[in-house]
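Per the working numbering: the sequence shown = residues 27 to 518.
Shown next, in structure tokens, is the structure this report addresses.
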Amino acid sequence: LMNKEITPAVPRWLRSGNDPVVVSKVDDSTIQFSFKTPNGMLLYYLASNLGSDILAGSPAHYLKKFHKAHNPDVDQLVKAAGSPSWVALIQAKVGNWQSPDRWRDASRPVLDPWKLTVPYTGTTQVVAERNPYYFKVDPEGNQLPYIDRVTYDVMGDVQSVILKATNGGLDMQAQRLNSLETGMVLAAHREQGGYKLFKVQPAWSNGMLICLNQTVKNPVLRQVFQNKDFRIGLSLAINRDEINDILYAGQSRPYQAVPRPGTALYDEKLATQYTKFDVKAANEAIDRSGFTKRDDQGYRIGPDGKRIAFSIDVQTARKDHIDALELIRKYWKAVGVDMQPKPIESSFAVARMLANDQEGLVWIGGGGYDFLGLLDPKWYFPYENQSAFGSAWGIYYQNPKDPNAEEPPAWAKKQQDLYTELLKTVSDEGKLALMRQILAITGEEFPVIGTDMDPDNYGVVKTNFHNVPEIMPDTAFYVTPGPTNPEQYFMK
């Protein structure tokens, strides 16, 4: 982390301002992380996927041979691996959760329950076998893991995975199966496949958030989007019950971008505000915004004397989002607003957002669980450039000197200040109290329009396969299903 060639910028959570963490050895089994200011979120970060660079296992005795400072002959390894540089090679060998070499390098020492024995080399299977040196035991003192061998089939499409599941070919699986449509198919074939379903609850609260970019480069749209009454009117114009029936088979409910029920941060008022479908109230709210004049086709006129018209970026891979936007296009036309869905490839949508080029964007989001809202608050206030309702304001929070940064309004700066204080707060209750203040401002200013709660998904588990919980969170932050202790899964 401290080598600028390998890590050009130390992650923000391992810095105090511009000063990186200092890590020191206390004794043979203890290290100390020292920051110039308190880092109250350190354990949260380490317990999530963000901590994988440190905790995923990067043993010095193995990695030194790929490091230029420790191996003068490293260029030979670089050439043999077909890697562009020693830096690229060691980055692939570190073995964090996103590293492709985690599945391709069977020689890397691991602290995991299982160790690769048949790595991925373009083959149809990846195999991992029990690590005899794994450090955990069960309550009776039996060394874990219970399962001796884990085999992953490499499959090219989701339909193949579904077919394998319904035919009883999967012992336990959630990924690539966790969609509403898939859940219905899986439920219908449980007896045939000899499996049960377990609930995989999205850690996001909302199936689709609508972000109108309040820092959009078009000054006319900026003036329109920054008008809270305009956003409220658009929210009231959405028939969320119809979206729920058509897209979610009635399994969802109208919801805004706030934490889920049952969490410490849940607030019923914030969750339901402006979610009731009411065209009359929607028109009244947009009228309050000042855009009362209309053209000969009934569309509202903006501050430049032209029709209010804009596009919303949507990922081509998210058919449910495209379908939802088509419904919303009709709802908003009924109140005089011309919105056009703009389906684009996911990486292009992200690139436009990071460059503050989007007029609008839809995405899943809202930190459904408390820990996720604390770790990734980008839908609650302009936290980073991925806060798509105000990308330039988010850039300002991360780096006010960035040429693309723009100082946010007072309400957003207040939220940023509160979150800065939260990062320094050690107690969980103190963090939650500050987050409630942030969410109260989110509710008051209403920067993001929610649609419906992201409905529960499902995974399959064979009837003779045990210790898989009936419900687990589903998010990369939680590295599903890692914290459910797969080393204690067993087959009877």
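Using N, Cα and C, we set each Cβ at its ideal position, and we do this for glycine too.
Owing to the predicted nature of the structure, the values given are computational and were not obtained by experimental measurement.
{"query": "Cβ pair I464, Y406 closer than 7 Å", "result": "yes"}
{"query": "Unbroken stretches of the alpha helix (DSSP H), 4 residues or longer, contained in the segment 197 to 223", "result": "206 to 214 and 216 to 219"}
{"query": "Sequence-distant residues of its chain with Cβ nearer than 6 Å to P369 (five each side left out)", "result": "V340, T342 and I348"}
{"query": "Continuous alpha helix (DSSP H) assignments of at least 4 residues falling wholly in the segment 294 to 376", "result": "294 to 298, 305 to 314 and 345 to 359"}
{"query": "Which listed residue (Q384, D364, T33 and E217) has its alpha carbon closest to that of S372", "result": "Q384"}
{"query": "Buried/exposed call for T9, threshold 16 Cβ in 10 Å", "result": "No answer is possible for residue 9: the residues shown for the chain start at 27 and end at 518."}
{"query": "Cβ shell of A418 (< 7 Å), same chain only, five flanking positions each side left out", "result": "T241, N382, N430, A431 and E432"}
{"query": "Straight-line gap, F491 to T510 (C-alpha atoms, nearest Å)", "result": "14 Å"}
{"query": "Bridge partner(s) assigned by DSSP for D179", "result": "Q151"}
{"query": "Sheet register partners of P429 (DSSP bridge)", "result": "P429 pairs with nothing; no bridge assigned."}
{"query": "Collapsed DSSP secondary structure at G276 in the structure displayed", "result": "coil"}
{"query": "Among D183, R216, N193 and Q218, nearest to Q201 - alpha-carbon criterion", "result": "D183"}
{"query": "Distance between Y395 and A290 (C-alpha atoms, nearest Å)", "result": "9 Å"}
{"query": "Inside the segment 47 to 103 only - beta strand (DSSP E) runs reaching at least 3 residues", "result": "48 to 53 and 56 to 60"}
{"query": "According to DSSP, residues forming a beta bridge with K457", "result": "Partner(s): none; K457 has no beta bridge."}
{"query": "Three-state secondary structure assigned by DSSP to L238", "result": "strand"}
{"query": "Q117, DSSP secondary structure in three states", "result": "helix"}
{"query": "Closer than 7 Å to chain D by CB, F256", "result": "Going by chain labels, chain D is absent from the structure shown, which holds only one protein chain."}
{"query": "The segment 480 to 495 in contact with the segment 214 to 224 per 3-pair CB rule at 8 Å", "result": "yes"}
{"query": "Sub-7 Å separation of M479 and R333 beta-carbons", "result": "no"}
{"query": "Beta-bridge partners of F491, as assigned by DSSP", "result": "M517"}
{"query": "Classification of S78 by the beta-carbon crowding that lies within 10 angstroms, buried from 16 upward", "result": "buried"}
{"query": "Strand pairing of V144, partner residues [DSSP]", "result": "V153"}
{"query": "Straight-line Cα distance separating K359 from R344", "result": "23 Å"}
{"query": "Check whether V136 and A154 have beta carbons under 7 Å apart", "result": "no"}
{"query": "Three-state secondary structure (DSSP) of S133", "result": "coil"}
{"query": "contact_flag[the segment 442 to 452, the segment 183 to 193] where n(CB pairs < 8 Å) is 3 or more", "result": "no"}
{"query": "Neighbourhood of V120 by C-beta distance below 6 Å, restricted to the same chain and skipping five residues each side", "result": "S84"}
{"query": "DSSP state of N483 mapped onto helix, strand, coil", "result": "strand"}
{"query": "Spatial neighbours of R378 in its chain, beta-carbon cut-off 7 Å, leaving aside the 5 residues before and after", "result": "D339 and Q384"}
{"query": "The segment 318 to 325 in contact with the segment 265 to 281 per 3-pair CB rule at 8 Å", "result": "no"}
{"query": "Beta-ladder partner(s) of M498, from DSSP", "result": "V226"}
{"query": "Among S315, S337, R314 and N309, nearest to G324 - alpha-carbon criterion", "result": "N309"}
{"query": "Beta-carbon gap between G392 and L238 smaller than 7 Å", "result": "no"}
{"query": "Beta-carbon contacts of F92 that lie in its chain and below 7 Å, excluding the five residues immediately before and after", "result": "V100, L103, W112, L115, I116 and K119"}
{"query": "Residues near N253 in its chain [Cβ-Cβ closer than 6 Å; skip 5 each side]", "result": "S315"}
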